[in-house]
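Note that the sequence shown covers residues 6 to 439 in our numbering.
Every residue gets a Cβ at the ideal spot worked out from N, C-alpha and C, and that includes glycine.
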Amino acid sequence: MKKEYAVSILVITLLMVFYVWYVSSGELLYSGDLLLALGRLAGLLLAVSILFQFVVIGRVGWLEKTFGLDALSRAHHWVGFSTVFFLIAHPLLIGLAYTRGSSDSIFHKTFSFLFSGDEIIQATIGAILFLMIGVSSVYVLLKKLRYEYWYGIHLITYIAIIISFGHQTELGGDLQTTFAHIFWTALYAISALVYIWFRFVQPIKKYAVHRFFVDKIIFETENVYSIFITGTHMERFSYIPGQFVIARFLERGVWYEAHPFSISSGSGKGDIRLTIKESGDYTKKLSHHIHSGTKVFIDGPHGIFGNEIKKEEKILCIAGGIGITPIRSMVELVGDHKDIKVLASFRTHHDVIFEREISEIIKPENVHIVYTHESPYEGHVKTITHSTILDYCPDIRERSVYLCGPVSFMNTMRAILKTQGVSEEKIHYEQFSL
Ligand SMILES: Cc1cc2nc3c(=O)[nH]c(=O)nc-3n(C[C@H](O)[C@H](O)[C@H](O)COP(=O)(O)OP(=O)(O)OC[C@H]3O[C@@H](n4cnc5c(N)ncnc54)[C@H](O)[C@@H]3O)c2cc1C
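What follows is the structure, encoded as structure tokens:
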């Protein structure tokens, strides 16, 4: 689906919302009831921003193919800020409008309005739940809250949406005409159907076809392991190198978490290999809980990182640590017939993975490793610099670059590449965080 179609759907929805609002509340603008008009608008925009968040994070196939899941995640994060803004503005403006003229304080006016009837009380509880979700998201971004706790809190969103729907259709001043009522109900119904279909039905259908299970687990280094996943009709499971899956291993102690991992195998079809670094509690315990035969629920493949690789002729892949996983997949697919170079950084030679496997596909001189912590390590961190790239790749401007690694590493690499004259369109990157 083209970007223009997706943007058009969003613009048309917003125009319809403004139309519905203007038909009922437009006159308030001229009769001096500005607070009420704006409060209602904030309420409508609040609902739309929440539905938007649901759809963009709902792993909707056609949206992902167009924008990529990481861009959609970023949109989800940013629109989250506007949701919090409307969440505060809507009750505040409406509360002030309805209690105008009374001698109570603003706080008392708004507070007494928020608890003035069953539907309003439910909406107030919904708003408090949404605020909790917003605050927890800020904490998780600041790395002060564990991802799993945040995810658990996020599940409350479903309850918050359901309990706050009633006050919109029952009391919403803009939603009382038949047209507005149908439009609003349809907006919710379509968003819910799209979400349920892509987030739940599709992965279940996929599992029903493939019945994925762990074939074997091998340790690549002391703290990196590969899980080989197979199943039935795997010839029908296709992916583009560079894509990732969200895997849930159905075993005691780990079944309740689903984590994203890039596919490190590169045939583009069939069995899947995931290569995982023990970086936190889940990835540390996973290899102890699963075994050959463990059933796996796979959601995906997702991502558009490698979409262009087949079209490119000259490529440089830059990987930071475990970021080598999608790069390995790409090299396996196109490495034997493209001019492809790999530049990877690892802490020490004990941490290196895939060097041999990649060197068997492309010329060994086209694989260059930088060790960031020289041995013996004396506190000096060596990274990939301007000169590393230029020495190894004097024709860098002619190459497309595929970049994967920790966020700070990628930011540094992108800055270096830009100063070396590589245009933004030629830099493709995947971030290991959603
Ligand atoms: C597109 C993508 C591809 C990835 N590919 C690989 C790969 O090939 N190999 C690899 O080792 N790692 C990969 N990762 C990273 C991997 O998902 C995290 O390292 C792992 O989820 C950390 O979990 P933890 O509980 O062990 O660590 P924690 O220390 O609990 O989490 C570290 C960080 O990982 C992220 N995270 C944690 N749990 C989840 C979750 N359920 N969903 C999304 N993000 C989460 C959060 O940003 C968190 O701050 C990838 C991540 C993304 C987004």
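DSSP-derived helix/strand/coil call for residue i
| i | result |
| --- | --- |
| histidine 296 | coil |
| arginine 216 | coil |
| isoleucine 222 | strand |
| threonine 235 | strand |
| valine 372 | strand |
| threonine 104 | coil |
| serine 110 | coil |
| isoleucine 195 | helix |
| serine 392 | helix |
| isoleucine 277 | strand |
| serine 243 | strand |
| proline 96 | helix |
| proline 208 | helix |
| valine 427 | coil |
| threonine 182 | coil |
| glycine 31 | helix |
| valine 22 | helix |
| lysine 7 | coil |
| arginine 419 | helix |
| arginine 404 | coil |
Beta-carbon contacts of residue i that lie in its chain and below 8 Å, excluding the five residues immediately before and after
| i | result |
| --- | --- |
| proline 411 | Gly325, Gly326, Gly328, Phe437 |
| threonine 88 | Leu51, Ser54, Ile55, Gln58, Phe135, Gly139 |
| leucine 255 | Thr299, Lys300, Val301, Phe302 |
| histidine 186 | Thr174, Leu180 |
| glutamate 69 | Leu77, His307, Gly308, Ile309 |
| threonine 427 | Before going further, note that residue 427 is valine rather than threonine in the sequence given. So the list reads Ile401, Arg402, Arg404, Val406, once near-sequence residues are dropped. |
| isoleucine 222 | Tyr230, Ser231, Ile232, Phe233, Ser292, Ile295, His296, Ser297 |
| tyrosine 397 | Lys346, Leu348, His373 |
| tyrosine 212 | Phe302, Ile303 |
For residue i: DSSP bridge partner residues
| i | result |
| --- | --- |
| cysteine 409 | Ala324, Glu435 |
| histidine 264 | Ala252 |
| lysine 282 | Val229 |
| serine 13 | In DSSP, serine 13 forms no bridge with anything. |
| serine 169 | Beta-bridge pairing links serine 169 to no other residue. |
Contact check, residue i vs residue j, beta carbons under 8 Å
| i | j | result |
| --- | --- | --- |
| serine 297 | threonine 280 | no |
| valine 301 | isoleucine 234 | yes |
| arginine 404 | lysine 319 | yes |
| histidine 159 | isoleucine 125 | no |
| glycine 100 | threonine 115 | yes |
| arginine 253 | alanine 263 | yes |
| serine 141 | leucine 150 | yes |
| threonine 104 | alanine 11 | no |
| glycine 258 | histidine 215 | no |
| valine 229 | lysine 316 | no |
| valine 25 | aspartate 179 | yes |
| valine 375 | glycine 305 | no |
| glycine 44 | alanine 102 | yes |
| serine 196 | valine 60 | yes |
| glutamate 435 | glycine 308 | yes |
| glycine 63 | arginine 241 | no |
| asparagine 371 | isoleucine 345 | yes |
| histidine 373 | isoleucine 421 | no |
| isoleucine 323 | glycine 247 | no |
| glycine 271 | serine 334 | yes |
| threonine 190 | histidine 355 | no |
| threonine 377 | lysine 368 | no |
| glutamate 337 | isoleucine 366 | yes |
| glycine 311 | isoleucine 245 | yes |
| valine 199 | valine 65 | yes |
| methionine 239 | glycine 273 | no |
| isoleucine 432 | leucine 408 | yes |
Cut-off 6 Å between Cβ atoms - residues of its own chain near residue i, not counting five sequence neighbours on either side
| i | result |
| --- | --- |
| threonine 330 | Ser267, Ser269, Thr280 |
| lysine 8 | Thr71 |
| leucine 49 | Val22, Trp26 |
| leucine 40 | Leu98, Leu101, Ala102 |
Same chain, Cβ closer than 7 Å to residue i, neighbours up to 5 away in sequence not counted
| i | result |
| --- | --- |
| threonine 288 | Ile281, Lys282 |
| glycine 236 | His215, Arg216, Phe217, Phe218 |
| leucine 34 | Ala42 |
| glutamate 360 | Val372, Ile374 |
| leucine 119 | Pro96, Gly100, Ile125, Thr129 |
**Asked** Considering only residues of the region 302-369, which uninterrupted alpha helix (DSSP H) runs meet the minimum length of 4 residues and lie entirely inside it, listed in chain order?
**Response** Correct list: 329-339, 360-366.
**Request:** Write down every uninterrupted run of the alpha helix (DSSP H) in the region 40-94 whose length is 4 residues or greater and which is fully enclosed by it, in chain order.
**Result:** Unbroken alpha helix (DSSP H) stretches of 4 residues or longer found wholly inside the region 40-94: 66-72, given in chain order.
**Request:** Quick one: which unbroken beta strand (DSSP E) runs of 3-plus residues sit fully inside the region 106-162? Chain order, please.
**Result:** Counting whole runs of 3 or more residues, the region 106-162 contains no beta strand (DSSP E) stretch at all.
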